[in-house]
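Residue numbers (our numbering): 37 to 819. A quick write-up on the structure given underneath.
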């Protein structure tokens, strides 16, 4: 089967190279060259070159298939970009609610051509009654995913078009009762049953655990961050762990019989479709099917070959999924488990058996013999003890093995590495297993007859609440994760992996693993200490975080930090973004948080910020109508023990480290934009002005109120809107640098007029939508 592994991994390598490094034309040329070389090797007929045949043809087909897929499935979708017309769709799933309406996944029907998987949005029209299997006709505007900020996210799922409906949909055919849609319908029934049976604090996690549906879970941004920090996100990403729970449950119920294994094939396929066919569950399902098929085909199961075959199948279905973090993490974790978990488990067992002080703890030989007889006896306490010990050893070994390749990927993709993950897994995996097995049974009973489902609700609820409480507790422990935005932390991580490679390559050093690990931990301590010292020495630093269309500005000085606004539209919550940045810079709290106003793009990350990090003081405008978000922020601030200051008519002045802040009251009238606060900061001659979202008229009022005349750094008002950052403001303040905090939006921010004004004034402009996170740091005082 290793022949299949060579071919599969070669095919996959070609797809990854094309997705990350090569354009279509180059991939096509290389693919043809690899095919020619593969043909030449076949003609030569040399036994030693047989592996080369598999590798070359795997590469050739990988490169060529990537080009074919893009030509046949992706490029035709771009033809519809910007076209408003009447289209026909087949619905693939039930509608999901969004902030502004509904969305659903569908296939665009193209007679004589392959259908195109699409996302259909309904903002002004009701589509809640649509079901999977129905065919609808609707007038809609098409947008290619290549023109959207979530291009990677959608294309990795095989969606190449989005549509905005211009009218109510009309059902023209109904095949919703077709067996093809049974898995989707059952998943929907399970979700509804779980939501009805369980409390609001349990059902979102349980739905994600059982069916992979994270619609409700995604609304709790704090829980998502806790899952990430504690390394427990895999519990709600349906994968091999969940499938092994399901297979194990079926084998326990029906026994190890041929009929049971025959029953598993359709159940695995059905479950894969039911939970959405994500890369992790597809990988697990294919490998499980190969495992069950090996004896029937008179073959020996090879886990590495199965892993390579599963990867090849997924990339053949959609080459764009090569960039999907879920796929990469799933295969990386399984590869680590297969390569290292057995060795680690044996090493742990050998280490325990060689601990001499354990024997010395027992005073007499008789006591020692008694302990051995207990350990190897078949009594219930001995069996339970051995089971618990085996589970603990296996849990530790698997957790560390899974992290071997996952850590570098999470460091690159999420700028975060969980240190507490092995502890988390050890404490919760047994409960996750029980919650899954009993939860599936409960959902089935509840779907058949609701009162029956109530029988096991208390048990499942207790298990889920235990899991959540453990994660919440561990997330608040000191240093649960490392943040690789800090270059020194990234450098230490590289150093640590180099150390591990040396241990693996040179067996003689394995006995000195402890001697190597201790210096690595000491070096990490030094890195963290130096980061803190550097933070305390910083006189002035201001950072515009990349939060998409929004604003979050962080000031740091002498070990103290201040944040002005915290909101945006990126998938990563602005509060999480700010916390990661502060932790990576050695800060452990926010001394001052200023909100110019309560709009979502300036404040939707504040709740998350307050939950994740200590905020000492909050300064907000004193508005009569604070809006729902404003009242939620003030309520949570009070619960968190944060001092709240309302700015009414007088300027508030304060000193934070070496930075002087002046918070000017709202000067305009009308909307919340004009009633926002303005913030001036100064550090011995370097002045920075933040105007929030005020318009040109309010900017004139600000100049008259403050008498400002000259400064070094200006944050463009209202994300670069043409109605802000007026000529008079620029002529009066004469800023040397302007930061613009903006992202993908439909408002045209930053406007061409604003950019022209700034260029005409000779001002250097930095934009978060183009430059990403922007930091300006002063290494010494200015004269």
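Virtual Cβ for every residue (Gly too), placed ideally from N, Cα, C.
*Look up residue 758 in the DSSP assignment and say whether it is helix, strand or coil.*
coil
_Nearest to residue 821 (by Cα), restricted to the options 292, 726 and 55_ = Beyond the ends of the chain as shown, which are 37 and 819, falls residue 821; an answer cannot be given.
*Could you check where the beta strand (DSSP E) with residue 210 kicks off and where it finishes?*
206-210
*Of the listed residues 701, 142, 367 and 230, nearest to residue 494 (C-alpha basis)*: Of the listed residues, the one whose Cα sits closest to residue 494 is 230.
*asked:* With a threshold of 7 Å on Cβ separation, who are the neighbours of residue 434 within its own chain once the five nearest residues in sequence on each side are excluded?
replied: 373 and 377
*asked:* Quick check: what's the CA-CA separation for residue 656 versus residue 630?
replied: 6 Å
*For residue 696, does the three-state DSSP call read helix, strand or coil?*
strand
_Taking the beta carbon of residue 120 as the centre, do at least 16 other beta carbons fall within 10 Å, making it buried, or is it exposed?_
exposed
*If we call anything under 8 Å between Cβ atoms a contact, is residue 468 one with residue 271?*
yes
*Could you tell me the boundaries of the beta strand (DSSP E) in which residue 122 lies?*
120-127
*My understanding is that residue 172 touches residue 205, with C-beta atoms under 8 Å, so please give their C-beta distance in whole angstroms.*
The C-beta distance from residue 172 to residue 205 rounds to 4 Å, short enough to meet the 8 Å contact threshold.
*Would the beta-carbon of residue 445 fall within 8 Å of that of residue 324?*
no
*Within the chosen definition, does the segment 525-538 reach the segment 281-297 through at least 3 CB pairs nearer than 8 Å?*
no
*Would you mind working out which of 101, 97 and 167 sits nearest residue 127, comparing C-alpha positions?*
When each option's Cα is compared against that of residue 127, the closest is 167.
*With respect to the beta strand (DSSP E) encompassing residue 679, which residues constitute its N-terminal and C-terminal limits?*
679-683
*For residue 74, which option in 65, 94 and 55 has the closest C-alpha, if you only look at C-alpha atoms?*
That would be 94, whose Cα lies nearest to the Cα of residue 74.
*Kindly indicate the opening and closing residues of the alpha helix (DSSP H) around residue 657.*
Looking at the DSSP string, residue 657 is not in any alpha helix (DSSP H); the run it does join, the beta strand (DSSP E), is 653-657.
*Out of curiosity, what's the CA-to-CA distance linking residue 326 and residue 362?*
22 Å
*What does DSSP give as the partner residues of residue 719 in its beta bridges?*
Residue 719 is bridged to 722.
*asked:* So, under 8 Å CB-CB, residue 46 and residue 91 are touching, yes? Tell me the CB distance rounded to an integer number of Å.
replied: That pair is a contact at about 5 Å.
*How far does the alpha helix (DSSP H) with residue 178 in it reach, from first residue to last?*
It is not in any alpha helix (DSSP H) - residue 178 instead sits in the beta strand (DSSP E) that spans 170-180.
*asked:* Within 10 Å of its beta-carbon, does residue 767 have 16 or more other beta-carbons around it, so buried, or fewer, so exposed?
replied: Burial state of residue 767 is exposed, judged by a 10 Å Cβ sphere holding fewer than 16 other Cβ atoms.
_Quick check on DSSP: helix, strand or coil for residue 798?_
coil
*asked:* Is it the case that the segment 652-671 contacts the segment 606-615, given that we only count it when at least three CB pairs across the two stretches are under 8 Å?
replied: No: the two stretches stay apart, fewer than three of their Cβ pairs being nearer than 8 Å.
*Which value, in whole angstroms, describes the spacing of the CA atoms of residue 452 and residue 617?*
11 Å
*Specify whether the segment 634-648 and the segment 296-303 touch according to this definition: at least 3 beta carbon pairs, one from each stretch, less than 8 Å apart.*
no
*For the candidate residues 60, 98 and 740, whose alpha-carbon lies nearest to that of residue 71?*
98
*If we count the other Cβ atoms within 10 Å of its Cβ and call it buried at 16 or more, is residue 353 buried or exposed?*
exposed
*Pull up the DSSP beta-bridge partners for residue 143, would you.*
According to DSSP, residue 143 bridges with 126 and 153.
*At what residues does the alpha helix (DSSP H) containing residue 312 begin and finish?*
Counted as a single uninterrupted DSSP element, the stretch harbouring residue 312 is not any alpha helix (DSSP H), since DSSP gives it neither H nor E.
_Beta-carbon within less than 6 Å of residue 770's beta-carbon, same chain only, minus the 5 sequence neighbours each way: which residues are those?_
746
*Take the Cβ of residue 203 as the centre, count every other Cβ of all protein chains shown within 10 Å, and call the residue buried at 16 or more, exposed below.*
In this structure residue 203 is exposed. Its beta-carbon is surrounded by fewer than 16 other beta-carbon atoms within 10 angstroms.
*Validate contact between the segment 344-351 and the segment 305-323 using beta carbons, cut 8 Å, 3 pairs*: yes
*Confirm, please, whether the CB-CB distance from residue 360 to residue 581 is below 8 Å.*
no
*residue 540 and residue 602 closer than 8 Å at C-beta*: Taking 8 Å as the cut-off, the beta carbon of residue 540 is found no closer than this to the beta carbon of residue 602.
*Express the C-alpha separation of residue 458 and residue 558 in angstroms, rounding to a whole number.*
20 Å
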